[in-house]
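Working notes, structure below.
Protein chains: 2
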Amino acid sequence: MATSFRNRKAKGSQAERELVKKFWGINWACIRSAGSGSQHYPSPDILVGNGSRRLAIEVKTLSADKKYFSAEEIRGLKYFADKFGAEPWVAVKFQGREWVFLTLEDLEDTGMSKAVSKELAGRRGLSFEELTES
Amino acid sequence: MATSFRNRKAKGSQAERELVKKFWGINWACIRSAGSGSQHYPSPDILVGNGSRRLAIEVKTLSADKKYFSAEEIRGLKYFADKFGAEPWVAVKFQGREWVFLTLEDLEDTGMSKAVSKELAGRRGLSFEELTES
C-alpha cells in the first residue's frame, strides 16, 4: 500500500523533531527548517550547533530497506553547508534501528541519486554518540 | 480593528521570507525556523551564515509604531544564540521604512518586555548593508 504524501510528510516532521530533541538533550542548539521542500532556496532539514561545530543535516526515515537522496537534495545540502559554514550530513533511521549519520562521500552513487542501504549504514555510518563526541 | 492571529502569522512569515531573500541575495545562507512559537525549544525566526559570521534573528513587522519583544522571546533568542554559536539580533520593519537591525543591548527595557520605537530604531539600528558589510 502506498504511503500518502501527507503521511510521509508527517513522518518526516516527527523524525526531525525526534532528532531535534536528541541534540538539545546533549545541549546542542538545533532548529528545523520551515521551508524544506517548499522554498526555492536550499535548506537542510535541521541545522545544529554547539558553539564550535555546526551540522546541516538531511533526514530520512521511511520504512524502506534503502533510503534515496535525490541529486537535488544532495546538491542543495552541499551548497547550503558550504555557504553557511557547516558540515553536511545525512541522518537515516531504518525500522527497529538507531539513527545513523553519514557524510556525503559515504553515500552510494546510483547515477541519478545517492543511496544508503542497511548494510552501508552499518558499515560506514556513525552513531549519534560517535557523531557528537568530538 | 484587531488583526487576526492568522493574519499576523501570515504577515510574519512573509516578512521572514523577505529577509531570507535579502540574505541569499548577498550570498549568505539563510533558513526560516519551522517551530517558531510552537516548539518548546527556543529557536530564532531565521538563522543566517556566511562561513565566518552567524546571525540568529528575531523578526517583527506589525504596523504599530513600537515593536515589543516578550522577555521569553529575548531569553530564548539569547539562549539559542549562545548554545549554537551565533550573534543574537532583532530585525524590525516599520511601515514605509527599510529593515533595521538591533542588538539586544540596544532595545529599550520596559520591565515586562523589550521594545523598539521608530526613534530608537533610527538612532541605534543598523541597515541591512551596515549589518552585513563587515
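For the record, the sequence lines run as chains A and B. Position one of the first sequence corresponds to residue 0 (numbering that gives the first Met the number 0), numbered consecutively onward. Position one of the second sequence corresponds to residue 0 (numbering that gives the first Met the number 0), numbered consecutively onward. Glycine included, every Cβ here is placed at the ideal spot set by N, Cα and C.
Compare the C-alpha of residue i against each of the options and name the closest.
{"i": "B/GLY11", "options": "B/ASN26, B/ILE25, B/ALA28 and B/PRO43", "result": "B/PRO43"}
{"i": "B/ASN26", "options": "A/MET111, A/PHE79 and A/LYS21", "result": "A/PHE79"}
{"i": "B/ARG74", "options": "B/MET111, B/VAL99 and B/SER62", "result": "B/MET111"}
{"i": "A/LEU103", "options": "A/ALA33, A/GLU132 and A/GLU71", "result": "A/GLU71"}
{"i": "A/PHE100", "options": "A/GLY124, A/ALA33, A/HIS39 and A/GLY24", "result": "A/GLY124"}
{"i": "A/ARG52", "options": "A/GLY24, A/ILE45 and A/GLY84", "result": "A/GLY84"}
{"i": "A/LYS20", "options": "B/ASN6, B/HIS39 and B/SER32", "result": "B/HIS39"}
{"i": "B/GLY50", "options": "A/LEU130, A/THR109 and A/LYS82", "result": "A/LYS82"}
{"i": "A/GLY121", "options": "A/ASP105, A/THR109 and A/ARG31", "result": "A/ASP105"}
{"i": "A/ASN6", "options": "A/SER62, A/GLU129 and A/THR131", "result": "A/SER62"}
Spell out the partners DSSP gives residue i in its beta bridges.
{"i": "B/ARG53", "result": "B/GLY48"}
{"i": "A/VAL58", "result": "A/ALA90"}
{"i": "A/SER112", "result": "A/SER69"}
{"i": "B/PHE100", "result": "B/ALA90 and B/LEU125"}
Indicate the three-state DSSP secondary structure (helix, strand or coil) for residue i in the structure shown.
{"i": "A/LYS92", "result": "coil"}
{"i": "B/ALA70", "result": "helix"}
{"i": "B/SER32", "result": "strand"}
{"i": "B/ALA120", "result": "helix"}
{"i": "A/LEU106", "result": "coil"}
{"i": "A/SER12", "result": "helix"}
{"i": "A/MET0", "result": "With a pLDDT of 42 at A/MET0, under the threshold of 50, the modelled position of that residue is not reliable, and the figure given next carries that caveat. Three-state DSSP puts A/MET0 in coil, outside helix and strand."}
{"i": "B/GLU17", "result": "helix"}
Could you name the residues of the same chain whose beta carbon sits closer than 8 Å to that of residue i, not counting the 5 residues immediately before and after it, in chain order?
{"i": "A/GLU107", "result": "LYS113, ALA114, VAL115, SER116 and LEU119"}
{"i": "A/GLU97", "result": "SER126 and PHE127"}
{"i": "B/LEU18", "result": "CYS29, ILE45, ILE56, VAL58, ALA90 and TRP98"}
{"i": "A/SER32", "result": "SER42, PRO43, ASP44, ILE45 and LEU46"}
Between residue i and the rest of its own chain, which residues show a CB-CB distance below 6 Å, the 5 nearest in sequence each way excluded?
{"i": "A/PRO87", "result": "ALA55, LEU76, LYS77, ALA80 and LEU103"}
{"i": "B/VAL47", "result": "PHE22, TRP27, CYS29 and LEU54"}
{"i": "A/PRO41", "result": "GLY75, TYR78 and PHE79"}
Next on the checklist: Whether or not the region 87–107 of chain A and the region 41–58 of chain A are in contact is what I'm after, with contact meaning three or more pairs of Cβ atoms, one per stretch, closer than 8 Å; do they touch?
Outcome noted: A contact exists between the region 41–58 of chain A and the region 87–107 of chain A.
Checklist entry - Does the region 63–72 of chain B touch the region 13–23 of chain A, meaning 3 or more C-beta pairs lie closer than 8 Å? => result No, they do not touch.
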